[in-house]
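For the sequence shown, the positions run -22 to -1, 1 to 95 when mature numbering (1 follows the signal peptide of the UniProt record, and there is no 0) is used. Glycine included, each C-beta is placed from N, C-alpha and C at the ideal position. What follows is a short report on a single structure.
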Amino acid sequence: MGCKGLAIGMLLLIGYCSTVVSGSIECSPVGSLMAVCSGFLNFGAPEPMLGSPCCKAMYSLNSMAATTNDRKEVCRCLVSLMATYNPNASAVARLPALCGVYLGFSAQPNLDCNSVP
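Okay, here's the thing in structure tokens:
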């Protein structure tokens, strides 16, 4: 394969890889971000303050959920995490607002993530 063919092949590979990476959210990073807020999520107190590590984690989660598909994937991760760890559901729903973040949905244990805008 000549240099031109190799260059085109590399561009196609880079384009493919960036498409795969940018379109998927894995639940382990979502879980790691939520773990920063575990005290509040389990007990409903103390409420996180703006700028706290918990709120910084929520800012990161919000930036992950930039598109409708990303929000749906984040939603699915949160619903799965709630089913696994059974946190205080009210705390989970209140957390984004306490940190000044709007995810586009209110996380609830039985939320249909396909309806997330």
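{"Item": "Tell me whether Y37 sits in a helix, a strand or coil according to DSSP, three-state version.", "Value": "helix"}
{"Item": "What does the Cβ neighbour count give for M36, buried or exposed, with the cut at 16 atoms within 10 Å?", "Value": "buried"}
{"Item": "How would you write the range of the alpha helix (DSSP H) that A17 sits in, first residue to last?", "Value": "For clarity, residue 17 is Gly in the given sequence; the question names Ala instead. Taken as a continuous stretch (DSSP letters only), the alpha helix (DSSP H) holding G17 covers S16 to F21."}
{"Item": "DSSP state of E4, grouped into three classes?", "Value": "coil"}
{"Item": "Going straight from the alpha carbon of A71 to that of N88, what length do you get?", "Value": "12 Å"}
{"Item": "Return yes when at least one heavy atom of the ligand MG lies under 7 Å from the C-beta of A35, else no.", "Value": "You won't find the ligand MG in this model; it holds no ligand whatsoever."}
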